[in-house]
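J.: So the sequence shown is numbered by our numbering: it starts at -13 and just counts up by one.
Cβ coordinates follow ideal geometry from the N, Cα and C atoms, glycine included.
Take a look at this one; I'll ask things after.
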Amino acid sequence: MKIKRYNTFFFIVVTLLAVTFISCESNFREVQKSNFSEFTPSGEADTINLKYTDSGRIKAVLVSPRMLDYAAVSFPFTEFPVGINVTLFDENGKKTFVTSKYAVTYKMTDIIELKDNVKVSNETGQLLETDQLYFDQKNEWFYTEKNYKFTDPKGNSRGVGIDFSKDFKIINSQKISGNVYENP
-13 MKIKRYNTFF
-3 FIVVTLLAVT
7 FISCESNFRE
17 VQKSNFSEFT
27 PSGEADTINL
37 KYTDSGRIKA
47 VLVSPRMLDY
57 AAVSFPFTEF
67 PVGINVTLFD
77 ENGKKTFVTS
87 KYAVTYKMTD
97 IIELKDNVKV
107 SNETGQLLET
117 DQLYFDQKNE
127 WFYTEKNYKF
137 TDPKGNSRGV
147 GIDFSKDFKI
157 INSQKISGNV
167 YENP
């Protein structure tokens, strides 16, 4: 009789443990789901034409077919997945043109990352081409550690790593590779 009671008691304990583990598994999955947040933009825009002004002067014009704003994440950023076309203006109205097939602007650092077929040019014919470029908005400074090609009316050069002012007045090449060609 004691063996039968022991078997019944053992069966009940095993059954309760099994039910507990099954319910814990279900609760664990629910907890995982509650901690999972979808990475979705808080704002979206198509075909944007943004003009940035300061003291009544246009400083920049940004045109893009698509913008995704991730303002609600811990490190907020704005993404331009289809590319951008930017025109920067200096105090005298001279223009610098920036294009890329992809861009991200990080709001906390004021850094813009440009990727894929990046081109920066100006009205005097200077052109820089690279696959990745950063723009420090606060200091109005471009830089990259990637390969680049620089074309100037006076000559052409290639290299790895360059930084320069938005008007190309100051250019620091880190490593020029190949030849510097002077145009006639």
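Which residues bound the beta strand (DSSP E) around residue 110?
T.: Position 124 of the sequence shown, counted from the start, is the residue given in the question as residue 110. It is not in any beta strand (DSSP E) - residue 110 carries neither H nor E in the DSSP assignment.
J.: Per the contact definition of three or more C-beta pairs closer than 8 Å, is the segment 37 to 54 in contact with the segment 63 to 72?
T.: With a cut-off of 8 Å, the segment 37 to 54 and the segment 63 to 72 count as touching, because enough Cβ pairs lie within range.
J.: Which value, in whole angstroms, describes the spacing of the CA atoms of residue 113 and residue 119?
T.: The count along the sequence shown starts at 1 and reaches residue 113 at position 127. The count along the sequence shown starts at 1 and reaches residue 119 at position 133. Approximately 13 Å between the Cα atoms of the pair.
J.: For the beta strand (DSSP E) that contains residue 70, what are its first and last residues?
T.: Your numbering for residue 70 matches position 84 in the sequence shown. Unbroken beta strand (DSSP E) run through residue 70: 70 to 75.
J.: Is the CB-CB distance between residue 82 and residue 103 below 9 Å?
T.: Along the sequence shown, one-based indexing puts residue 82 at 96. Along the sequence shown, one-based indexing puts residue 103 at 117. No. Outside cutoff.
J.: Would you list, in sequence order, the uninterrupted beta strand (DSSP E) runs of no fewer than 3 residues that lie entirely inside the segment 116 to 153?
T.: Listed in chain order, the complete beta strand (DSSP E) runs (minimum 3 residues) inside the segment 116 to 153 are 127 to 138, 141 to 151.
J.: How about residue 148 and residue 110: are their beta carbons less than 9 Å apart?
T.: Along the sequence shown, read from residue 1 onward, the residue named residue 148 stands at position 162. Along the sequence shown, read from residue 1 onward, the residue named residue 110 stands at position 124. For residue 148 and residue 110, no; Cβs fall outside 9 Å.
J.: Hey, how far is the Cα of residue 134 from the Cα of residue 44?
T.: If you number the sequence shown from 1, residue 134 lands on position 148. If you number the sequence shown from 1, residue 44 lands on position 58. Approximately 29 Å, taken between the alpha carbons.
J.: Between the Cα of residue 61 and the Cα atoms of 96, 101, 139, 75, which residue gives the shortest distance?
T.: Position 75 of the sequence shown, counted from the start, is the residue given in the question as residue 61. With distances taken between Cα atoms, residue 61 lies closest to 96.
J.: Residue 42: which of 28, 50, 152, 77 sits nearest, CA to CA?
T.: Counting from 1 along the sequence shown, the entry for residue 42 is found at position 56. When each option's Cα is compared against that of residue 42, the closest is 77.
J.: List the residues that DSSP assigns as beta-bridge partners of residue 79.
T.: Locating residue 79 in the sequence shown gives position 93, where the first residue counts as 1. None; residue 79 has no bridge partner.
J.: Looking only at its chain, what residues have a beta carbon closer than 7 Å to the beta carbon of residue 126, apart from the 5 residues adjacent to it on each side?
T.: Looking up residue 126 in the sequence shown gives position 140. Answer for residue 126: 151, 152, listed in chain order.
J.: I need the straight-line Cα distance from residue 156 to residue 139, nearest angstrom please.
T.: Locating residue 156 in the sequence shown gives position 170, counting from the first residue. Locating residue 139 in the sequence shown gives position 153, counting from the first residue. Between residue 156 and residue 139, the C-alpha separation is close to 16 Å.
J.: Would you mind working out which of 73, 29, 160 sits nearest residue 36, comparing C-alpha positions?
T.: For the purposes of this step, residue 36 is taken as the residue at position 50 of the sequence shown. It is 73.
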